[in-house]
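For the sequence shown, the working numbering begins at 35 and goes up steadily by one.
Heads up, the beta-carbon is just placed ideally off N, CA and C, and yes, glycines get one too.
Note sheet for the following structure.
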Amino acid sequence: MDTSRLEQAARRYRDAEAALDSARADLQAEAVDFLRSTDERGVQAAVVRITGWSREHLRRLKEKAEMEALRRRVDELSTPKKPSPAVATPRQQVTQTLRKPVPSISPKVLALPIDRVMWLVDKAETTSPEWVEGIRQEYPHLQGPDLDYLIVDLGHQKGFKIPELDEPTTSTGETVDEERPVSGEEASG
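Structural data, given as structure tokens:
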């Protein structure tokens with residue numbers, strides 16, 4: 035018994051049924067769109083008369099279409115959106131260390147001429163190169179005269195002798211006012 039003709043007929047029937055379902059869905063969608071666009075009772079009556087559907091059937095179609103639209107909207111909102119590169123910029127990591135604040139330089143050191151300061155820095159580099167290099171590494175953002183003045187000031191604070199900055203003292207340890215001469219009685223005590 036040859037069943038191939040029966041299988042072909044069943045396949046054509048399923049295809050026709052699928053095409054009919056698709057056409058029916060398209061026509062129902064058009065009718066619902068038409069009903070949505072106008073809200074008059076006369077239009078509903080015309081659709082009922084033309085299509086042969088009852089008002090109840092039209093109401094269910096309209097509700098079904100609204101539910102499908104609502105489902106699509108819920109699906110759109112529930113699926114996570116892919117982040118666009120324009121919206122979210124990547125966070126930048128801080129790779130530089132914060133600058134160490136520069137200590138204030140004494141006014142006496144700032145009053146020195148730059149060529150004297152440079153000479154003092156050269157002298158400090160020859161006598162204590164590790165110390166000077168440590169300051170340069172501690173304050174890498176400083177260069178030129180700013181760094182030179184800082185080195186001289188820190189050297190003076192450390193105890194390096196700088197004749198212009200060292201104040202003359204009396205035998206009792208008091209500082210002497212350079213503008214007023216010291217009498218013999220004051221000096222002897």
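Kindly indicate the opening and closing residues of the alpha helix (DSSP H) around residue 189. Indexing the sequence shown from 1 puts residue 189 at position 155. Taken as a continuous stretch (DSSP letters only), the alpha helix (DSSP H) holding residue 189 covers 179–192.
If you compare alpha carbons, which of 103, 104, 136 is closest to residue 169? By one-based count along the sequence shown, residue 169 stands at place 135. Ranking the options by Cα distance to residue 169, first place goes to 136.
Measuring CB atoms only, is the segment 180–187 touching the segment 139–152, in the sense that at least three cross pairs come out at less than 8 Å? yes
Assuming residue 176 is part of the alpha helix (DSSP H), what are its boundary residues? Counting from 1 along the sequence shown, the entry for residue 176 is found at position 142. Where residue 176 is concerned, there is no enclosing alpha helix (DSSP H), given that its DSSP letter is neither H nor E.
Could you check which residue in 96, 152, 158, 62 has the C-alpha nearest to that of residue 195? Along the sequence shown, read from residue 1 onward, the residue named residue 195 stands at position 161. Looking at the Cα atoms, 158 is the closest of the given residues.
Between 150, 56, 62, which has its C-alpha nearest residue 100's C-alpha? Locating residue 100 in the sequence shown gives position 66, counting from the first residue. Checked all of 150, 56, 62; the closest Cα to residue 100 is 62.
CB-CB under 6 Å to residue 156, same chain, minus the five flanking residues each way: which ones, in chain order? The residue given as residue 156 occupies position 122 in the sequence shown. Around residue 156: no qualifying Cβ.
Would you call residue 47 buried or exposed, if buried means 16 or more other Cβ atoms sit within 10 Å of its Cβ? Sequence index remark: in the sequence shown, residue 47 carries index 13 (1-based). Looking at its Cβ environment, which holds fewer than 16 other Cβ atoms inside 10 Å, residue 47 is exposed.
For residue 160, which of helix, strand or coil comes out of DSSP? Here the question's residue 160 lines up with position 126 in the sequence shown. Here residue 160 sits in helix by DSSP.
Quick check on this structure: which residue in 103, 71, 66 has the alpha carbon closest to the alpha carbon of residue 85? Residue mapping note: residue 85 aligns to position 51 of the sequence shown, counting from 1. Among 103, 71, 66, the Cα nearest to that of residue 85 is on 66.
Only counting the same chain, and skipping five residues up and downstream in sequence, which positions put a Cβ closer than 6 Å to that of residue 154? Stepping through the sequence shown from its first residue, residue 154 is reached at position 120. Excluding sequence neighbours, residue 154 sits near 186.
Contact set for residue 82: own chain, Cβ-Cβ below 8 Å, skip 5 residues either direction: Position 48 of the sequence shown holds residue 82. Here the set comprises 88, 89, 92.
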